[in-house]
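Asks:
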Amino acid sequence: MTPTRKQPPRKTKPIPNFPPIPIPPPSHPPLNTQTTPKCEYPTCNLTTTTPRPPLRKLISHVFGRNKTTTKRIPDEIWVHYCRKHYQRARYRSHNWAREQCELLLVSLDRLEGWGGVGLFRIVLRRREDLRRRREVERREALGLALACRTGGDDVRGGEGDGGEEEEEEEYPLSEEEGGEQQQQQQHHEAEDTPQEETQAEDTQEEPEPESKKRKQRIQPCPVPTWLVNLTKSPKTFDEMRAIIRELMEHFNKLENELEDELRKNLWGELEKYEERRRRNMLLFPDVEILPVFKDPSSSSGGSGIGNGIGSG
Numbered sequence: 001m002t003p004t005r006k007q008p009p010r011k012t013k014p015i016p017n018f019p020p021i022p023i024p025p026p027s028h029p030p031l032n033t034q035t036t037p038k039c040e041y042p043t044c045n046l047t048t049t050t051p052r053p054p055l056r057k058l059i060s061h062v063f064g065r066n067k068t069t070t071k072r073i074p075d076e077i078w079v080h081y082c083r084k085h086y087q088r089a090r091y092r093s094h095n096w097a098r099e100q101c102e103l104l105l106v107s108l109d110r111l112e113g114w115g116g117v118g119l120f121r122i123v124l125r126r127r128e129d130l131r132r133r134r135e136v137e138r139r140e141a142l143g144l145a146l147a148c149r150t151g152g153d154d155v156r157g158g159e160g161d162g163g164e165e166e167e168e169e170e171y172p173l174s175e176e177e178g179g180e181q182q183q184q185q186q187h188h189e190a191e192d193t194p195q196e197e198t199q200a201e202d203t204q205e206e207p208e209p210e211s212k213k214r215k216q217r218i219q220p221c222p223v224p225t226w227l228v229n230l231t232k233s234p235k236t237f238d239e240m241r242a243i244i245r246e247l248m249e250h251f252n253k254l255e256n257e258l259e260d261e262l263r264k265n266l267w268g269e270l271e272k273y274e275e276r277r278r279r280n281m282l283l284f285p286d287v288e289i290l291p292v293f294k295d296p297s298s299s300s301g302g303s304g305i306g307n308g309i310g311s312g
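Residues in the sequence shown are numbered from 1 upward in steps of one, following the UniProt record's numbering.
1. How do the stretch 110–120 and the stretch 59–75 stand: do at least 3 beta-carbon pairs fall below 8 Å, yes or no?
2. Could you compute how far the alpha carbon of P53 sits from the alpha carbon of N45?
3. Would you be able to state if there are at least three C-beta pairs under 8 Å between the stretch 233–242 and the stretch 116–135?
4. Is the stretch 100–107 in contact with the stretch 52–67, if contact means three or more CB pairs nearer than 8 Å?
5. In angstroms, rounded to a whole number, what distance separates the CA positions of L283 and E257?
6. Indicate whether the contact test is met: 3 or more Cβ pairs, each with one atom in the stretch 278–294 and one in the stretch 92–101, closer than 8 Å.
7. How about Y81 and Y41: are their beta carbons less than 8 Å apart?
8. Rounding to the nearest angstrom, what Cα-Cα distance links R125 and R279 in this structure?
9. By how many angstroms is the C-alpha of G143 removed from the C-alpha of V292?
10. For E261, which option in H94, N95, R276 and D109 has the closest C-alpha, if you only look at C-alpha atoms?
11. Name, in chain order, the residues that DSSP records as bridge partners for K235.
12. For the alpha helix (DSSP H) containing E99, name the first residue and the last one.
13. Is the beta carbon of N95 less than 8 Å from the beta carbon of E274?
14. Please work out which residues of its chain come closer than 7 Å, Cβ to Cβ, to M248, disregarding the five sequence neighbours upstream and downstream, and give them in chain order.
15. Only counting the same chain, and skipping five residues up and downstream in sequence, which positions put a Cβ closer than 7 Å to that of T231?
16. Please return the same chain residues whose Cβ sits closer than 8 Å to the Cβ of T150, not counting the five positions on each side in sequence.
Shown next as structure tokens:
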């Protein structure tokens, strides 16, 4: 009887251990009201730290953060950034205004999925409404002074000997004209620059308080005329998306014009270029997008929709 031979174990090829393909998380995940808000910056790793870092709602101020109706919107709808990444996105980015428009589109998608909001109203902030009123009053005052000066020249033309001294004494410059000429001599810049006129008017009209108070650091941002014309009627979700996309195109146009001007004037001077670039950073216009809820009882009280003017 021949002994049975043991067969050697069959050699099998090892299964290659391929590393898993990393899937980057979405920058702005869909709405989930069951989870607590987290920092939605694409590369943020601070959500697991203890204690949790404070979060900031990025776009809620555009929707009227302190309005009674806006407070009814769940916190999970807003896009949250931690303080570190908010500072990085807000102050180290030249196109922060355009990024705000992208975050507005994300918030609109979440609001539509939530289902509590039906329409929106675009209203001017109070500081923008006051700025436009002051601008109208200033132009009317300048036009009246010019008309009086022209009429006085015609009257004195028939009198014969008038004299230059009498002309200066009879028609002195008003306080607004004197302030504007003094500002021109100090800065050597054009008179019709909108932001400079606004800052000059604010410093002239607001008296200095007796007690030392901290000055507001909010920089005014005039609203373009085409956007002012859209504040008359409520807007749907699709109309609001179209308006925001048009505003993004507006920012792109201004960005290209500013870039061409800086490259032309500051070619080869990197430090001055960066300084001017930060100083002329585009800002989101002074408007609010106030939600109109589907439930009529929820739209009463402090929404600012009735007068068409938002908060400053």
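No residue lacks a Cβ here, since even glycine has one placed at the ideal position from N, Cα and C.
Remember, it's a predicted structure, so these values are computed and weren't measured experimentally.
Replies: This is what the structure gives:
1. Taking a contact to require three or more Cβ pairs closer than 8 Å, the stretch 110–120 and the stretch 59–75 qualify as touching.
2. The residue labelled residue 53 in the question sits at position 53 within the sequence shown. The residue labelled residue 45 in the question sits at position 45 within the sequence shown. The alpha-carbon separation between P53 and N45 amounts to approximately 11 Å.
3. Three or more beta-carbon pairs drawn from the stretch 116–135 and the stretch 233–242 are found closer than 8 Å, and the two stretches are therefore classed as touching.
4. Short answer: they touch.
5. Your numbering for residue 283 matches position 283 in the sequence shown. Your numbering for residue 257 matches position 257 in the sequence shown. Our two residues, L283 and E257, have alpha carbons roughly 15 Å apart in a direct line.
6. In short, these stretches touch, since the Cβ pair count reaches three.
7. What you label residue 81 is simply residue 81 of the sequence shown in a count that begins at 1. What you label residue 41 is simply residue 41 of the sequence shown in a count that begins at 1. Cβ atoms of Y81 and Y41: closer than 8 Å.
8. Against the sequence shown, residue 125 aligns to sequence position 125. Against the sequence shown, residue 279 aligns to sequence position 279. Annotation: R125 to R279 spans about 23 Å, alpha carbon to alpha carbon.
9. Against the sequence shown, residue 292 aligns to sequence position 292. Against the sequence shown, residue 143 aligns to sequence position 143. Looking at the two C-alpha atoms, the distance is approximately 41 Å.
10. Along the sequence shown, one-based indexing puts residue 261 at 261. Among H94, N95, R276 and D109, the Cα nearest to that of E261 is on R276.
11. Looking up residue 235 in the sequence shown gives position 235. The partner list for K235 (beta bridge, DSSP) reads F120.
12. Position 99 of the sequence shown, counted from the start, is the residue given in the question as residue 99. If you look at E99, you'll find it in the alpha helix (DSSP H) that goes W96 to W114.
13. In the sequence shown, residue 95 corresponds to position 95, counting from 1. In the sequence shown, residue 274 corresponds to position 274, counting from 1. No. Outside cutoff.
14. If you number the sequence shown from 1, residue 248 lands on position 248. Cβ within range, chain order: R98 and C101.
15. What you label residue 231 is simply residue 231 of the sequence shown in a count that begins at 1. I122, V123, L124 and G308.
16. One-based indexing of the sequence shown puts residue 150 at position 150. Around T150: no qualifying Cβ.
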